[in-house]
Amino acid sequence: MSEEKLTITDELLAAFLDGNVSGKEAKAILKAAEEDSSLREFLSIAADVSEFNDTSKGRGAFHKSRTRTKN
Amino acid sequence: MTDKEIIEGLIARDEKITRKFFFVKCRPLMYSIIGRVFAFDVDYDELINELYVHIMENDAARLRTFSYNSSVYQWIKTVAIRYFQHKRDLIIENQSKEPLYIEGGTFEPHVSQAISMDLKSMISRIGNPRYRLVLQKLLLEDMAPEVVAKQMHVTVANLYNIKKRAMAAFLDIAKQDDYVRRKVDDH
Numbered sequence: 074m075s076e077e078k079l080t081i082t083d084e085l086l087a088a089f090l091d092g093n094v095s096g097k098e099a100k101a102i103l104k105a106a107e108e109d110s111s112l113r114e115f116l117s118i119a120a121d122v123s124e125f126n127d128t129s130k131g132r133g134a135f136h137k138s139r140t141r142t143k144n
Numbered sequence: 082m083t084d085k086e087i088i089e090g091l092i093a094r095d096e097k098i099t100r101k102f103f104f105v106k107c108r109p110l111m112y113s114i115i116g117r118v119f120a121f122d123v124d125y126d127e128l129i130n131e132l133y134v135h136i137m138e139n140d141a142a143r144l145r146t147f148s149y150n151s152s153v154y155q156w157i158k159t160v161a162i163r164y165f166q167h168k169r170d171l172i173i174e175n176q177s178k179e180p181l182y183i184e185g186g187t188f189e190p191h192v193s194q195a196i197s198m199d200l201k202s203m204i205s206r207i208g209n210p211r212y213r214l215v216l217q218k219l220l221l222e223d224m225a226p227e228v229v230a231k232q233m234h235v236t237v238a239n240l241y242n243i244k245k246r247a248m249a250a251f252l253d254i255a256k257q258d259d260y261v262r263r264k265v266d267d268h
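The structure is reproduced here in structure tokens:
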């Protein structure tokens, strides 16, 4: 049975840039980028403007998708 | 301002929050993105206003469904890049009557020649061992931040900052791969 294809939403990409995705989600994004030049360009631009990352204090912690416990 | 205050303020069209966050704090980021996306002259402020309208469409539906899986700033950055990419493509399409293909080939990259964006190998190419370790634990082993922080003898807040820098290093690798891929596709 094939794996369910993950929809690459803005929210998922933002979480990816913040490092708040699972390994499975990260792999799905990179797999999608292999076939989508627009997504590759997105990653390239995101890297170029990474110096503008948020420096506000905010929650100063991981967002809710990463707060689960796994041993 | 917390992300929640920003989201709620934007939804409520709070003038002070909208100006302070979207039109002041995000402006340098927007300018940088626009400069990077568009290879031709555009009206920067007009594009930023368009983006604001895009975000507020359908009674701010996008903001209302924001799930806080990233910072709101990172989300705005993501939405902005994708919106401006789409806008640019529309402009190019409308300005040119030429077909979007060339004889004997297309503008689409040859996937068969693509360099695999393998997560493990990309992480292994990050120079800083601390960054490598953090991404390996969080992305490859899918460990919880609390567990990784404990193993590394840092606080979760410190781990968060290390991870943000690690992601920037990771994206540099992705960018290098994309550059090489485009070179390969040129041939």
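Order-wise, the sequence lines are chains L and F. Numbering of the first sequence is given in the numbering used here, commencing with residue 74 and proceeding in unit increments. Numbering of the second sequence is given in the numbering used here, commencing with residue 82 and proceeding in unit increments. Built from N, CA and C at the ideal position, the CB exists for glycine as well.
{"Query": "Same chain, Cβ closer than 8 Å to I162/F, five either side skipped, listed in chain order", "Result": "I114 and V118"}
{"Query": "Nearest-angstrom Cα separation, counted from I98/F out to K106/F", "Result": "10 Å"}
{"Query": "Own chain residues within Cβ distance below 8 Å of L221/F, not counting five before or after", "Result": "L200, K201 and I204"}
{"Query": "Touching by the beta-carbon criterion (3+ pairs, under 8 Å), the region 210-218 of chain F and the region 235-246 of chain F", "Result": "yes"}
{"Query": "Neighbouring residues, chain L, relative to L221/F (Cβ below 7 Å)", "Result": "G96"}
{"Query": "For A141/F, three-class secondary structure by DSSP", "Result": "helix"}
{"Query": "Residue from V237/F, D170/F, L252/F and Y154/F with nearest C-alpha to K101/F", "Result": "Y154/F"}
{"Query": "Span separating the alpha-carbon of D84/F from that of A250/F", "Result": "25 Å"}
{"Query": "Straight-line Cα distance separating T236/F from A230/F", "Result": "6 Å"}
{"Query": "Run of the alpha helix (DSSP H) containing L93/F, from where it starts to where it stops", "Result": "The displayed chain sequence assigns Ala, not Leu, to residue 93/F. No alpha helix (DSSP H) contains A93/F, which DSSP labels as neither H nor E."}
{"Query": "Assumed close pair S148/F, E84/L - CB separation to whole angstroms, cut-off 8 Å", "Result": "6 Å"}
{"Query": "With 16 other Cβ atoms within 10 Å as the buried cut-off, status of K140/F", "Result": "Residue identity check: residue 140/F is Asp in the sequence provided, not Lys. Exposed."}
{"Query": "CB contact check: L103/L to chain F, cutoff 7 Å", "Result": "yes"}
{"Query": "CB-CB length for L252/F against A105/L, believed under 8 Å", "Result": "Going by Cβ atoms, the distance from L252/F to A105/L rounds to 15 Å, so no, they are not a contact pair."}
{"Query": "Beta carbon proximity, G255/F to chain L, threshold 7 Å", "Result": "Sequence check: residue 255/F is Ala here, not Gly. Interface residue, yes."}
{"Query": "Where L110/F falls: helix, strand or coil (DSSP)", "Result": "helix"}
{"Query": "Residues in the region 77-92 of chain L having any Cβ partner in chain F nearer than 7 Å", "Result": "D83, E84, L86, A87, A88, L90, D91 and G92"}
{"Query": "Whole-angstrom distance between Y164/F and V94/L, CA atom to CA atom", "Result": "22 Å"}
{"Query": "Between the CA atoms of G208/F and E96/F - distance to the nearest angstrom", "Result": "44 Å"}
{"Query": "Rounded straight-line distance, which links the Cα of M137/F to that of R143/F", "Result": "7 Å"}
{"Query": "Counted within 10 angstroms of its Cβ, other Cβ atoms place I102/L as buried (16 or more) or exposed", "Result": "buried"}
{"Query": "Environment of P109/F [buried if 16+ CB atoms lie within 10 Å]", "Result": "exposed"}
{"Query": "I81/L (DSSP reduced to helix, strand or coil)", "Result": "coil"}
{"Query": "Close-in-space but distant-in-sequence residues of the same chain around R123/F (CB under 7 Å, 5 per side omitted)", "Result": "Correcting the residue type first, residue 123/F is Val in the shown sequence and not Arg. Only I115 meet the Cβ criterion."}
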